[in-house]
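Chains as they are written, first to last, in this note's numbering: chain A, 316 to 672; chain B, 316 to 672. Taking it in order: structure first as structure tokens, then the write-up.
Number of protein chains: 2
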Amino acid sequence: MTSQDTQLGDIGEAGLLRHLRARIPAAPDVPVGIGDDAAVVSLPRSALVTTDSLVEGVHFVRDSTPARLLGRKALTVNLSDIAAMGGISRHALVSLCLPSRLELSWVDSLYDGLLERAAEVGVSIVGGNVARSPDSIVVDVTLLGEVEAPLLRSGAQPGDMVVVTGELGAAAEGVELLRQGARLDDDAELSATGVWTESSAEAVLTCLIAQLDPRPPLALARSLAERGLAQAGMDISDGLSSDLAELCRQGNLGARVEAGGIPVSAAVSRLARAGGGDALSRALHGGEDYELLLAVAPARFEELQELASVWGVPVSAVGEFFEGPPAVRLRDDTGDRPLPVGGHNHFHPNEPEDRAG
Amino acid sequence: MTSQDTQLGDIGEAGLLRHLRARIPAAPDVPVGIGDDAAVVSLPRSALVTTDSLVEGVHFVRDSTPARLLGRKALTVNLSDIAAMGGISRHALVSLCLPSRLELSWVDSLYDGLLERAAEVGVSIVGGNVARSPDSIVVDVTLLGEVEAPLLRSGAQPGDMVVVTGELGAAAEGVELLRQGARLDDDAELSATGVWTESSAEAVLTCLIAQLDPRPPLALARSLAERGLAQAGMDISDGLSSDLAELCRQGNLGARVEAGGIPVSAAVSRLARAGGGDALSRALHGGEDYELLLAVAPARFEELQELASVWGVPVSAVGEFFEGPPAVRLRDDTGDRPLPVGGHNHFHPNEPEDRAG
């Protein structure tokens, strides 16, 4: 009945809903899943809920974003939020706005990614919505989770260490690489290096994966929250400078970051050496890292390091919180100065580095 | 700092988020509300969750839709889903996609409506998201509720009565009236009657209110579910013909509707008499009524009528379910024939009567 060329306008909203519902597996632990006016779920502990959307032309460009990876990322950006609260993700709702001329095969690839990522992390899709959009695609995911001891943005204390997981800057570099013509295919294989030669292919691949298929440290986030190893925390979505300023506001503290301690992505450093970019700036302001930013009491840092090594996640102490007005300072060889928030403004037209929140 | 003419591009995403957060009251029963990576909520019974969006150019036209009423409706369409499951709505997340050139005052009016409607029904807004949209406005609300005895779409039995609440057809007539230039202002007062004269003003107002500010029978839905007065039910969002076909599919039953028993909106009938439309067709296929469609055992109908009269909601028995392949038949003076599903297709461009699901 459907072919490669089938467009959504050919099958209609009801047809698309039936098609998608048939693809979504029934979850054994969900009393009422997809297909009623609302889903019934059972969350024995406190429930976590978050929502985040990816908008075509703002957070992604259709031509340079494989649909399957977009599906994965639409779930991942929400997984990162639930994990950053110390929670376990359980159930998702997927709300799509789709133009009539979009091919059904594109939506199927999006769902391939969504379902695959959901299966990886044990999340069931329990509901959602499809609506026609006049032009742009919007993928809006709401995620429910559960938590025992939520890790909040407030709670940092003077003397706490500023700690980040993983490496920073690669996802933002990935946006620039996409703009220069580098591409991944639907299987996340490198299909074009853009302006870069083969010798940089590995670094290009790393940055594109970071942008198109990020992998937040979900298990570490949950287990460190359960052990109370951080006083405060959040995921790094807007960029270290911006998100650390938020932890400072919520804790009513200042923070100082050591430039030499920032875990700049090795791939970004490599490309910057070859092409002349500013790797540290990407790491400080780039955003979309989906790593963790934590306030950790010095006495607990070793325990955190041990736990992180179990999950294979690097952790770096990059500075400290201190009593003072909420502001972030950066110290390097030349001294100590205010770190400007890497201000990007999603509402500013033609803003080069929009991203998911 | 802001004026009537402030546009979203002037204050940015962070500025808009701060502005909106300052407007949203803290909910006493929510452990962690807006401002963290996710909200923490506590739902003692089974949790209900649903999501629905209103898309500019598909579900509403900006010029003819007062922003405050749009805010109310964005919540209401979800309230209707939670109520149709027999639940109580508790917490909402609001995800907005907004163009940069939109005035902040428009967003404020939208939030006036959202917050006002939330307060009316005891819902707290616990989170959400704002994203830039290249062009169209999308208002996506996710609603959490709780339920003890969910009312499902499946469960109708042969011999059950087909019951609807309220009157049907006015919301769909409202779409046509808006197209003809009739208007409500932000206070839901009639500001233009379009092609109609003053003598029809009351009927025009009724239909516009039904379209722009629907009032589903929330309390009746919950209390009838708690008493087990219906075997199956759902809200009428796509139109009686379409939604009854869905109850038939889910119950694996046929249903027959008596044309004479359909509670056609008196306002629609009045306009049809004056202007020559087909009021019965609007009531059967129009959609967006946000009334209840129920399967009720004949022995329980009187009890349902008594309960409905407590809440001031009319109920009408319009037909019955019978053993047979899932299909809906309509009986009138001329006989008994299949009732075609009033097929509207949200993905068909220029479809005249798109609506929220």
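We put the beta carbon where it would ideally sit given N, CA and C, even for glycine.
Quiz item: Would DSSP call B/A446 helix, strand or coil?
Solution: Looking at B/A446 - three-state DSSP - the assignment turns out to be strand.
Quiz prompt | Own chain, CB closer than 6 Å to A/G372, minus 5 neighbours either side, in chain order | solution = Excluding positions up to five away in sequence, the list reads S451.
Quiz item: Three or more C-beta pairs closer than 8 Å, one from the segment 622–637 of chain B and one from the segment 464–479 of chain B: is that the case here?
Solution: Yes, since at least three Cβ pairs between the segment 622–637 of chain B and the segment 464–479 of chain B fall closer than 8 Å, the two stretches touch.
Self-check item: For A/P613, three-class secondary structure by DSSP
Solution: Three-state result, A/P613: helix.
Quiz prompt | Cβ-based neighbour list, A/L533, same chain, cut-off 7 Å, excluding 5 preceding and 5 following | solution = The beta carbon of A/L533 sits closer than 7 Å to the beta carbons of L394, A398 and V436 from its chain, once the five residues preceding and following it are set aside; these are given in chain order.
Self-check item: Close beta carbons around A/A464, own chain, < 7 Å, minus the five adjacent residues each side
Solution: So the list reads G401, A540, E541 and G543, once near-sequence residues are dropped.
Practice problem: Report the neighbours of B/T366 on chain A: residues whose CB is nearer than 7 Å to its CB, in chain order. | Solution: What B/T366 touches in chain A: L408, S410, G442, G443, N444 and T457.
Exercise. Give me the Cα-Cα distance between A/L738 and A/M549, rounded to the nearest whole angstrom.
Key: There is no way to answer for residue 738 of chain A, as the model of chain A reaches only from 316 to 672.
Quiz item: What residue from B/S404, B/S420, B/T480 and B/A446 has the CA that sits closest to B/L459's CA?
Solution: Selected option, being the one with the closest Cα: B/S404.
Quiz item: Looking at the structure shown, is B/D325 part of a helix, part of a strand, or coil, going by DSSP?
Solution: In the three-state reduction of the DSSP assignment, B/D325 falls in the helix class.
Quiz item: Hey, would you say B/T512 sits closer than 9 Å to B/T366, going by beta carbons?
Solution: No, the pair does not count as a contact, with Cβ atoms beyond the cut-off.
Self-check item: Amino acids of chain A, ordered along the chain, whose beta-carbon sits closer than 8 Å to that of B/P653
Solution: Under the 8 Å cutoff, chain A gives no residues; its nearest Cβ is about 18 Å from B/P653.
Quiz item: Touch check for the segment 575–590 of chain B and the segment 519–537 of chain B: three-plus C-beta pairs under 8 Å?
Solution: Cβ pair count under 8 Å is three or more, so yes.
Quiz item: At which residues does the beta strand (DSSP E) containing A/L466 begin and terminate?
Solution: Counted as a single uninterrupted DSSP element, the stretch harbouring A/L466 is not any beta strand (DSSP E), since DSSP gives it neither H nor E.
Quiz item: Could one say the Cβ of A/E371 lies closer than 9 Å to chain B's Cβ atoms, at least one of them?
Solution: For A/E371, the nearest beta carbon of chain B is closer than 9 Å to its own beta carbon.
Self-check item: Counterpart residues of A/P653 in DSSP-defined beta bridges
Solution: A/R644.
Exercise. With a floor of 3 residues, list each beta strand (DSSP E) that falls wholly inside the segment 486–538 of chain B, ordered by position along the chain.
Key: Runs found: 497–499 and 505–508.
Practice problem: On a CA-only basis, which of B/R416, B/L390, B/R377 and B/D423 is nearest B/R432? Give me that one, please. | Solution: Out of B/R416, B/L390, B/R377 and B/D423, B/L390 has the C-alpha closest to the C-alpha of B/R432.
Quiz item: DSSP three-state call for B/D367: helix, strand or coil?
Solution: In the three-state reduction of the DSSP assignment, B/D367 falls in the strand class, which pools E and B.
Quiz item: Which stretch, first to last residue, makes up the alpha helix (DSSP H) that contains B/R564?
Solution: Note, B/R564: alpha helix (DSSP H), L555 to G566.
Quiz item: Can you tell me whether DSSP reads A/G603 as helix, strand or coil?
Solution: The amino acid occupying residue 603 of chain A in the given sequence is Glu; Gly does not appear at that position. It is coil, neither helix nor strand.
Quiz item: Of all the residues that make up the segment 335–353 of chain B, which are near chain A by a beta-carbon distance shorter than 9 Å?
Solution: If the cut-off is 9 Å between Cβ atoms, the segment 335–353 of chain B has P346, V347, G350, D351, D352 and A353 near chain A.
Quiz item: Quick one: Cα of B/L430 to Cα of B/W626, how far?
Solution: Answer to the nearest angstrom: the Cα atoms are 24 Å apart.
Practice problem: Determine which residues share a DSSP beta bridge with A/L622 and list them. | Solution: Beta-bridge pairing links A/L622 to no other residue.
Practice problem: Rank A/R416, A/Q546, A/L505 and A/N444 by C-alpha distance to the C-alpha of A/R615 and give the top, closest one. | Solution: Measuring C-alpha to C-alpha distances from A/R615 to each of A/R416, A/Q546, A/L505 and A/N444 identifies A/Q546 as the nearest.
Exercise. Indicate whether B/Y605 and B/P531 have their beta-carbon atoms separated by less than 9 Å.
Key: It is a contact, given that the beta carbons lie within the stated cut-off.
Practice problem: Kindly say whether A/P449, judged by its beta-carbon, lies nearer than 9 Å to any beta-carbon of chain B. | Solution: With 9 Å as the cut-off, A/P449 counts as an interface residue toward chain B.
Quiz item: Between the beta-carbon of A/L619 and the beta-carbon of A/A471, is there less than 9 Å?
Solution: Result no, Cβ atoms of A/L619 and A/A471 do not sit closer than 9 Å.
Quiz prompt | 7 Å Cβ shell around A/V673 - same chain, five flanking residues per side excluded | solution = The structure shown does not extend to residue 673 of chain A, since chain A spans only 316 to 672, so no value can be given for it.
Quiz prompt | A/A570 beta carbon less than 9 Å from that of A/V643 | solution = A/V643 is a Cβ neighbour of A/A570, given a cutoff of 9 Å.
Quiz item: If you run the structure through DSSP and keep just helix, strand and coil, what is B/E573?
Solution: In the structure shown, B/E573 falls within a strand segment according to DSSP collapsed to helix, strand and coil.
Quiz item: Is there at least one Cβ from chain B nearer than 9 Å to A/P664's Cβ?
Solution: Note that A/P664 has pLDDT 45, beneath the 50 cutoff, so the model's placement of it is unreliable and the number below is only indicative. Taking Cβ atoms only, chain B reaches closer than 9 Å to A/P664, which makes this a yes.
Exercise. Please decide whether B/V643 counts as near chain A, where near means a Cβ-Cβ distance under 9 Å.
Key: Not a single C-beta of chain A is nearer than 9 Å to the C-beta of B/V643.
Quiz item: Looking at C-alpha atoms only, which residue of B/D528, B/G650, B/S515 and B/S557 is the closest neighbour of B/A589?
Solution: Nearest of B/D528, B/G650, B/S515 and B/S557 to B/A589, Cα basis: B/S515.
Quiz prompt | Same chain, Cβ closer than 6 Å to A/R416, five either side skipped, listed in chain order | solution = The beta carbon of A/R416 sits closer than 6 Å to those of Q322, all from its chain and outside the five residues before and after it, given in chain order.
Quiz item: Across which residues does DSSP place B/D550 in a beta bridge pair?
Solution: DSSP lists B/L607 as partners of B/D550.
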